[in-house]
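In my numbering, the protein residues as written are 51 to 263.
Working notes for the structure below.
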Amino acid sequence: MEYGFIFDMDGVVIDSNPYHKIAWGKFLKGKGIPCDEQFFDNVLSGRTGPTSLKIIFGDELQNDLLEEYLAEVDENYQNILRRSEDVKPIPGLYEFLESIRANGHRLGLATSAPPLNIELGLEKLKLEGVFEVVIGKVDVLHGKPHPEVYLTTVERLGLPLERCIVFEDSKAGIQSALSAGMPVVGIASGHSKEDLLKEGVSLAVDDFRDLSL
């Protein structure tokens, strides 16, 4: 029987935390806001960009300014990624993806990232064309934790919800997938396994080396 395996991107496919730290650090420095390791972990890690910006600047942050700030952070990230020669996947990813494909199952990517972030990430990891369905920020009206990104991915895969499973690392992403009605495997790249289990994942692992079909 054919199953769908749906992956978030940042922190699940690509080990992007180091690059996001630099991108956010540069942005915040330009706004006169210090960003150390503790600030990143407490305010930025595992949260969507809009949520992080509203924590930093307040809920009254106007949408046009929020989008401008997000674009600035994304541009920083893209420039850093272009220059980086050692971009890595989450450990065990390549082998796990190959196992899924070898067993005749389907692969989807469901992310809140903009198109260029997705393109650069997949290019750096040499994963172009591996995911038959790729849904990103511009493909949906509502970002995570809304379930739209996962529901859209499942619809494009043409599989029933009960035959799909999601791999996530963030609380917003987990909420999104659970709200869509799918089980979630938590990848502990940004949160502890204990925290992921509290969010409702069916299983929490350090990385894909802990998984097999």
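Each residue gets a CB set at the ideal place from its N, CA and C atoms; glycine is no exception.
No experiment lies behind these values; they were computed from the predicted model shown.
Alpha carbons only, please: which of the options is nearest the one belonging to residue i?
i: L253; options: I224, D65 and H155; result: I224
i: L157; options: D124, L166 and F217; result: F217
i: A222; options: S262, E117 and G99; result: G99
i: N153; options: R259, L209, L175 and Y53; result: Y53
i: A163; options: Y127, D136, F146 and E178; result: Y127
i: M59; options: I72, Q112 and V180; result: V180
i: K71; options: I150, I130, L116 and E182; result: I130
i: L143; options: V188, K176, E182 and L247; result: K176
i: D260; options: E145, A121 and K248; result: E145
i: H192; options: T161, R213, E135 and C85; result: T161
Please report how far the alpha carbon of residue i lies from the alpha carbon of residue j, in whole angstroms.
i: D256; j: E110; result: 37 angstroms
i: R133; j: Y119; result: 22 angstroms
i: V235; j: G186; result: 20 angstroms
i: L147; j: H155; result: 10 angstroms
i: G108; j: T101; result: 10 angstroms
i: E125; j: E205; result: 31 angstroms
i: I150; j: F89; result: 37 angstroms
i: D245; j: M51; result: 32 angstroms
i: L209; j: V188; result: 22 angstroms
i: N67; j: D114; result: 26 angstroms
i: K243; j: E117; result: 32 angstroms
i: G80; j: D86; result: 14 angstroms
i: L263; j: I168; result: 26 angstroms
Below 6 angstroms CB to CB, which residues in the same chain sit around residue i once its five sequence neighbours on both sides are set aside?
i: V184; result: L159
i: G96; result: S220, K221, G240 and H241
i: L166; result: Q128
i: A230; result: P197, Y200 and L201
i: E122; result: F77
i: L247; result: A254
To which residues of the same chain is residue i closer than 7 angstroms at the C-beta, ignoring the five residues directly before and after it?
i: S226; result: K194, P195, H196, P197, V199 and Y200
i: V190; result: E198, V199 and T202
i: L228; result: V234 and G250
i: A73; result: V123, N126, Y127 and I130
i: G75; result: C85
Residues in its own chain within less than 8 angstroms of residue i by CB, not counting five upstream and five downstream?
i: I106; result: L78, I83 and V93
i: I140; result: G61, V62, V63, I64, D65, I237, S239, D257 and F258
i: I215; result: Y53, G54, F55, I56, M232, P233, V234 and V235
i: E182; result: R156, L157, G158 and L207
i: R213; result: M51, E52, Y53 and G54
Taking the CB atoms as reference points, tell me whether residue i and residue j lie closer together than 8 angstroms.
i: V137; j: K174; result: yes
i: E178; j: L170; result: no
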